[in-house]
Amino acid sequence: MHVYTAPVVVPLAGEPIREGAVGVDGGRIAYVGPAAGAPEADETTAFDGVMTPGLVNAHTHLCYTAFADMYGNEKEFFEWIQEFARRNPETADEVWKDSVQQGIDESLAHGVTAVADIVTPAAGFAPLLASDLAGVAYWEAVFIDEAAWEVRRNAWREVVTDTRAVNNSDVAVGISPHTLYTLGTNVGKGLAELARTLDIRLHPHLAETMHEDMFVRRGSGPFAFMNRRAGLDLEIADGGTGHSPAVQMDKVGWLGADAHVAHGVHLDKADRELLRAKGTAVALCARSNARLEAGEPPVAALRAEGNTVAVGTDSRASAPDLDVAAEWPVLRRLALAQGDGGEGLNEWLVRAATQGGAKALGRDDIGVLKEGARADLAVFAVDTDADPYAALVTGAAGNCTATVLKGALVEGRPTER
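Residues 1 to 417 in UniProt numbering are what the sequence shown lists, from first letter to last.
Have a look at this one:
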């Protein structure tokens with residue numbers, strides 16, 4: 001037994017605990033409660049600050065950590081996304097692996113212990129599956145029309161099946177159908193069918209920009225031009241669907257309790273209701289949306305209407321860092337500006353980055369401190385006398401002082417009190 005203590009422990013499974021402790025045995029939590037009542041331990045580590053479950057990054061692309069220069073290139077989304085078509089083929093496997101490892105290390109430094117990671121190059125799986133992170137590695141399908149799928153289907157599927165066969169990590173393998181504007185309709189349906197056949201999770205991008213909405217509804221706009229130039233023949237390009245991306249995503253089978261979507265910036269009331277009905281969570285990435293001039297997600301409406309919300313950073317190509325806690329104050333400002341009254345908002349945001357992320361990944365043993373859960377902890381140097389949720393939302397960004405992964409301290413140093 002190893003016991004970790006802190007002036008404040010925020011378990012999420014219960015009320016915050018002053019002078020609290022978490023006992024760990026075999027990488028799992030065996031005790032959560034007052035430090036005075038903790039079981040006898042072989043080792044005890046005392047931290048200053050507020051201890052929480054490890055945070056969940058519910059949408060990222062760790063393979064693009066080395067593409068951080070794109071964050072500062074000032075390109076709007078449509079120009080920005082076309083950079084990948086040029087850079088990706090020029091990137092060697094070892095560079096991809098190093099980039100993913102950099103992303104893992106940065107995540108841990110910010111108290112992130114679980115990820116929903118989009119894997120674009122197959123080489124990106126190795127460092128992620130070799131890590132002790134929890135989560136899902138989603139093999140991405142992108143820029144594939146029906147003709148290309150006939151050629152690429154078997155090789156693409158083999159990556160999923162072969163990786164699952166050798167995977168013994170706590171990072172599962174899933175499928176990421178990139179978007180409705182980069183995949184043929186029948187390709188998308190086939191990916192959904194494959195995911196259900198293999199009983200694995202789905203994670204597409206939804207309603208990130210108005211360009212996407214224009215393409216799906218009318219088959220027009222910048223993405224129609226981009227696809228024509230690339231020789232991509234998508235069914236939607238022939239006049240569009242006449243309805244929203246969320247409705248179309250449901251029609252191709254990408255929504256459900258076994259899926260969560262990234263961004264959700266341009267969701268109307270009916271779209272949000274559809275996601276709730278399908279049990280599909282939304283991972284908000286507000287700083288990435290701002291950087292790419294994509295718009296502001298409807299944080300207040302999602303909260304008021306009861307949608308399951310998680311928090312992501314997106315990649316270092318569109319975000320200044322992989323610090324999930326840095327999303328909190330941005331999301332808070334958006335919610336208040338959109339009419340949220342603020343009561344309980346701080347707690348809701350902390351839960352979104354922990355329990356909400358866990359739900360998005362189909363897990364109940366991460367994002368919470370309770371007996372039997374993975375022993376993933378994060379400690380933040382914030383005011384321990386204040387309301388802990390407010391202290392975290394306003395002060396945790398850039399202030400993670402320790403990360404515990406499966407019971408072992410991997411980042412930071414304890415401070416004896």
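C-beta atoms are modelled at their ideal positions from N, C-alpha and C, and glycine is treated no differently.
Quick check: what's the CA-CA separation for Glu416 versus Tyr4?
Your numbering for residue 416 matches position 416 in the sequence shown. Your numbering for residue 4 matches position 4 in the sequence shown. With a pLDDT of only 47 at Glu416, under 50, the local geometry of the prediction cannot be trusted, and no value is derived from it.
Just the Cα atoms here: how many angstroms apart are Gly221 and His211?
Here residue 221 refers to the residue found at position 221 of the sequence shown. Here residue 211 refers to the residue found at position 211 of the sequence shown. If I take the Cα positions, the gap works out to 6 Å.
Per DSSP, what kind of secondary structure is Phe47 in: helix, strand or coil?
Taking the sequence shown and counting its residues from 1, one reaches residue 47 at position 47. In the structure shown, Phe47 sits in coil (DSSP, three-state: anything other than H, G, I, E or B).
Between Val299 and Val282, is the Cβ-Cβ spacing less than 8 Å?
Counting from one through the sequence shown, the residue named residue 299 turns up at place 299. Counting from one through the sequence shown, the residue named residue 282 turns up at place 282. Their beta carbons are not under 8 Å apart, which means Val299 does not touch Val282 by this criterion.
Give me the Cα-Cα distance between Ile366 and Ala353, rounded to the nearest whole angstrom.
Taking the first residue of the sequence shown as 1, we reach residue 366 at position 366. Taking the first residue of the sequence shown as 1, we reach residue 353 at position 353. When rounded, the distance between both Cα atoms is 11 Å.
How many Å lie between Gly14 and Val95 at the Cα?
Here residue 14 refers to the residue found at position 14 when the sequence shown is read from its first residue. Here residue 95 refers to the residue found at position 95 when the sequence shown is read from its first residue. Each residue's alpha carbon lies about 43 Å from the other.
Is DSSP giving Gly174 helix, strand or coil here?
Stepping through the sequence shown from its first residue, residue 174 is reached at position 174. It is a strand residue.
Distance check for Thr197 and Gly190, CA to CA, integer angstroms please.
Numbered from 1 along the sequence shown, position 190 holds the residue referred to as residue 190. Numbered from 1 along the sequence shown, position 197 holds the residue referred to as residue 197. Roughly 10 Å between the two C-alpha positions.
Which residue's Cα is closest to the Cα of Arg218: Arg229, Pro245, Gln338?
In the sequence shown, counting from the first residue as 1, residue 218 sits at position 218. Checking every option, the nearest Cα to that of Arg218 belongs to Pro245.
Which residue or residues does DSSP assign as beta-bridge partners of Thr52?
For the purposes of this step, residue 52 is identified with residue 52 of the sequence shown, where counting begins at 1. Bridge partners of Thr52: Ala378.
Does DSSP put Glu416 in a helix, a strand or coil?
In the sequence shown, the residue the question calls residue 416 occupies position 416. Legend: pLDDT at Glu416 = 47, less than 50; position of this residue unreliable, no value from coordinates given.
Three-state secondary structure (DSSP) at Gly76?
In the sequence shown, residue 76 corresponds to position 76, counting from 1. First, the amino acid is wrong: residue 76 is Glu here, not Gly. In the structure shown, Glu76 sits in coil (DSSP, three-state: anything other than H, G, I, E or B).
Looking only at its own chain, which residues have a Cβ that is under 7 Å from the Cβ of Gln102, when we skip the five neighbours before and after it?
Position 102 of the sequence shown, counted from the first residue, corresponds to residue 102. Within the same chain, Gln102 has close Cβ partners Thr65, Ala66.
Reducing DSSP to helix, strand and coil, say where Glu19 ends up.
Taking the first residue of the sequence shown as 1, we reach residue 19 at position 19. Note: Glu19 maps to strand in three-state DSSP.
Going by DSSP, which residues form a beta bridge with Trp139?
Counting from 1 along the sequence shown, the entry for residue 139 is found at position 139. Val119, Ile175, per the DSSP bridge assignment.
Flag this pair as yes or no: are the beta carbons of Leu108 and Val171 separated by less than 8 Å?
Here the question's residue 108 lines up with position 108 in the sequence shown. Here the question's residue 171 lines up with position 171 in the sequence shown. No, they are not a contact pair.
Give a yes or no on contact between the stretch 324-331 and the stretch 395-405, applying the rule of three or more CB pairs nearer than 8 Å.
Yes: the two stretches touch, three or more of their Cβ pairs being nearer than 8 Å.
What would DSSP say about Pro11, mapped onto helix, strand or coil?
Along the sequence shown, one-based indexing puts residue 11 at 11. DSSP places Pro11 in coil when its eight states are reduced to three.
So the alpha helix (DSSP H) Pro34 belongs to, where does it begin and stop?
In the sequence shown, residue 34 corresponds to position 34, counting from 1. Here Pro34 belongs to no alpha helix (DSSP H); instead the beta strand (DSSP E) covers 28-34.
Who are the Cβ neighbours of Trp348 in its own chain at under 7 Å, not counting the five residues just before and after it?
Taking the first residue of the sequence shown as position 1, residue 348 is located at position 348. Excluding positions up to five away in sequence, the list reads Arg303.
Quick test of your reading: Ala140 and Gly184, contact by CB under 8 Å. State the CB separation rounded to the nearest angstrom.
For the purposes of this step, residue 140 is taken as the residue at position 140 of the sequence shown. For the purposes of this step, residue 184 is taken as the residue at position 184 of the sequence shown. A small correction: the amino acid at residue 140 is Glu; Ala does not occupy that position in the sequence shown. With 8 Å as the limit, Glu140 and Gly184 do not qualify as a contact, their Cβ atoms being about 15 Å apart.
By the 10 Å Cβ neighbour count, where 16 or more other Cβ atoms means buried, how is Phe225 classified, buried or exposed?
Numbered from 1 along the sequence shown, position 225 holds the residue referred to as residue 225. Answer is exposed; the Cβ neighbour count stays below 16.
Does the pairing of the stretch 275-295 with the stretch 30-45 give three or more beta-carbon distances under 8 Å?
Output reads no: the stretch 30-45 does not touch the stretch 275-295.
How about Val350 and Leu284: do their beta carbons lie closer than 8 Å?
Position 350 of the sequence shown, counted from the start, is the residue given in the question as residue 350. Position 284 of the sequence shown, counted from the start, is the residue given in the question as residue 284. No, the Cβ-Cβ distance between Val350 and Leu284 is not below 8 Å.
Assuming Pro39 contacts Leu377 (C-beta within less than 8 Å), just tell me the rounded distance between them.
If you number the sequence shown from 1, residue 39 lands on position 39. If you number the sequence shown from 1, residue 377 lands on position 377. Contact flag wrong, Cβ pair sits at about 17 Å.
Nearest by alpha-carbon distance to Thr60: which of Leu336, Ala286, Asp25, Asp268 is it?
In the sequence shown, residue 60 corresponds to position 60, counting from 1. Comparing Cα positions, the closest option is Ala286.
Could you check the C-alpha separation between Pro7 and Val311 for me, to the nearest Å?
Translated into the one-based positions of the sequence shown, residue 7 becomes position 7. Translated into the one-based positions of the sequence shown, residue 311 becomes position 311. Straight-line Cα distance between these residues: approximately 26 Å.
So, is Lys359 buried or exposed, given that buried needs 16 or more other C-beta atoms within 10 angstroms?
Mapped onto the sequence shown, residue 359 falls at position 359. Under this definition Lys359 is a buried residue.
Given Trp254, which residues of its chain have a CB within under 7 Å of its CB, disregarding the five upstream and five downstream residues?
In the sequence shown, the residue the question calls residue 254 occupies position 254. Same-chain partners within the cutoff: Pro177, Gly188, Ala192, Leu202, Pro204.
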